[in-house]
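What follows is a set of notes on a single structure, which appears directly below.
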Amino acid sequence: MSNNSSHLSSGCAQFRLVSVNEAVTYLFFISFPIALLLNGIAAWVSVHLQSTSTFIVYLKNLVATDLLMTLTSPLMAASMHPRATLQLKAFACRFSSVIFYCCLYTSITFMGLISLDRFFKIVRPCGKLLGQSLAFSVAMSTLVWVVLFGSTAIPTMILTNQDPVNETGDFCMSLKSPAGVTLHKFVVIFMEILFWLVSLLIVFGYICITLKVLQSFRNSGSNNNNGKKKTKLRVFLILLVFFVCFLPLHIMRIPFTLYEIFGINVCADTWVMTAYNFVLWLSTTNACLDPLLYIYLCREFKDKLVDMLKATGVELYSGEKE
């Protein structure tokens with residue numbers, strides 16, 4: 087993945103983005119300890135959580151992805167700072183930014199698999215066997231990691247092998263070999279298509295789940311308005327977190343994609359660049375929100391967290407008593 091801040095400035099009115107990039111860098115570093123704490127706790131719980139269902143398998147993979155994305159975000163953010171060194175920017179282009187973006191789309195993919203898992207178990211009884219197969223979930227999780235990291239991240243790192251010379255033009259693209267530039271174009275198209283397909287899957291899946299649950303309430307003659315409200319709220323929260331974090335970034339990426347892939351020179355005003363840098367940070371807040379969703383939406387995760395906190399509290403109390 088390349089540093090897009092210079093793509094659209096060619097042939098357009100020049101503007102200074104120093105203060106914008108500096109402010110975005112600070113936003114990354116402010117959110118980093120929060121995301122690290124929440125994902126550290128989530129990883130701690132998931133390690134002690136038994137993989138008794140396909141949902142838990144996907145959840146564990148999502149936790150690992152968010153944690154890895156959190157760990158790589160500070161280096162990527164530091165490279166955006168106006169006073170970042172040439173070596174730091176080159177390292178980000180070759181490694182940290184590549185891993186960050188790959189984790190971002192891996193996280194999106196696992197969200198799609200979780201919605202598909204819910205769909206199989208609630209809406210489509212004929213797909214229940216497939217949806218409840220642990221072997222299927224393990225195979226799908228492995229496939230996601232192999233495809234996204236094996237066919238995009240690792241080749242991108244290998245083909246970003248040119249020496250950094252100067253910071254003119256698109257710095258990250260200048261580090262790529264000719265094969266790396268070609269690969270980058272395919273990766274951009276693949277990731278864009280992946281996001282929109284997963285978005286459609288999530289919207290369709292959760293709408294069907296909501297309608298199915300509400301229909302069950304009506305068929306049973308239940309007047310459980312509280313249950314209906316909880317169902318709607320859960321679906322609303324999932325869709326809200328997903329689209330607030332990821333949709334603005336992919337809308338703002340459209341002009342960059344037009345330039346990178348088709349060579350269409352879209353003149354960018356200052357507000358476009360400002361918005362893009364901000365929504366890039368906004369996408370990382372998903373790593374802060376996901377652990378909260380685990381607690382609210384997954385009973386097994388919540389119960390395990392409570393049990394582990396209670397156990398820790400008892401041990402601390404016993405130690406103080408002795």
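Take 87 as the starting number for the sequence shown in my numbering and just add one per residue.
Ideal placement from N, C-alpha and C gives every residue a C-beta, glycine not left out.
- Under a three-way DSSP split, which group does Thr268 fall into? helix
- Which residues mark the beginning and the end of the alpha helix (DSSP H) in which Arg204 is found? 183 to 208
- Does the beta-carbon distance from Leu135 to Ile142 come in below 8 angstroms? Closer than 8 angstroms, so yes.
- From Tyr191 to Pro250, what distance separates their C-alpha atoms? 27 angstroms
- Alpha carbon to alpha carbon, how far is Phe114 from Val133? Give it in angstroms, no decimals. The C-alpha of Val133 lies about 27 angstroms from the C-alpha of Phe114.
- Message: Classify Lys262: buried if its beta carbon has 16 or more other beta carbons within 10 angstroms, exposed otherwise.
- Response: buried
- Task: Could you pull out every residue in the same chain whose Cβ sits closer than 8 angstroms to the Cβ of Leu378, ignoring the five residues on either side in sequence?
- Result: Leu124
- Cβ neighbours of Leu220 in the same chain (closer than 7 angstroms, five flanking residues each side left out): Ser137, Thr140, Val143
- Task: Just the C-alpha distance for Gly291 and Ala397, rounded to the nearest angstrom, thanks.
- Result: 38 angstroms
- Does DSSP put Pro241 in a helix, a strand or coil? helix
- Query: For Asp393, does the count of other Cβ atoms within 10 angstroms reach 16, so buried, or fall short, so exposed?
  - Reply: Counting other Cβ atoms within 10 Å of its Cβ, Asp393 stays below 16 and is therefore classed as exposed.
- Message: Less than 7 angstroms between C-beta atoms, sequence neighbours within five positions excluded: which residues of the same chain meet that for Ser117?
- Response: Thr370, Thr371, Cys374
- Query: Should the region 173 to 181 be called in touch with the region 193 to 210, which here means at least 3 C-beta pairs below 8 angstroms?
  - Reply: no
- Just the C-alpha distance for Leu395 and Tyr380, rounded to the nearest angstrom, thanks. 16 angstroms
- Task: Rounded to whole angstroms, what's the CA-CA distance from Tyr187 to Leu319? Just pull it up for me.
- Result: 30 angstroms
- Query: In chain order, what residues of the same chain lie with their CB nearer than 6 angstroms to the CB of Arg204, ignoring the 5 residues before and after it?
  - Reply: Ile295
- Please classify Asn305: is it buried, with 16 or more other beta-carbons within 10 angstroms of its beta-carbon, or exposed? exposed
- Query: From this set, Phe303, Leu366, Cys258, Leu148, which residue's C-alpha is nearest Ser201's C-alpha?
  - Reply: Leu148
- Message: Taking 8 angstroms as the threshold (C-beta atoms), are Val184 and Thr242 in contact?
- Response: yes
- Task: Assign Ser260 to buried or exposed, taking buried as 16 or more other Cβ atoms, counted over all protein chains shown, within 10 Å of its Cβ.
- Result: Buried, because 16 or more other Cβ atoms sit within 10 Å of the Cβ of Ser260.
- When the Cα atoms are used, what is the spatial distance from Leu161 to Asn363? Cα to Cα, the separation comes out at about 15 angstroms.
- Message: Going by C-alpha to C-alpha distance, which of Asp376, Leu391, Pro341, Val233 sits closest to Met155?
- Response: Asp376
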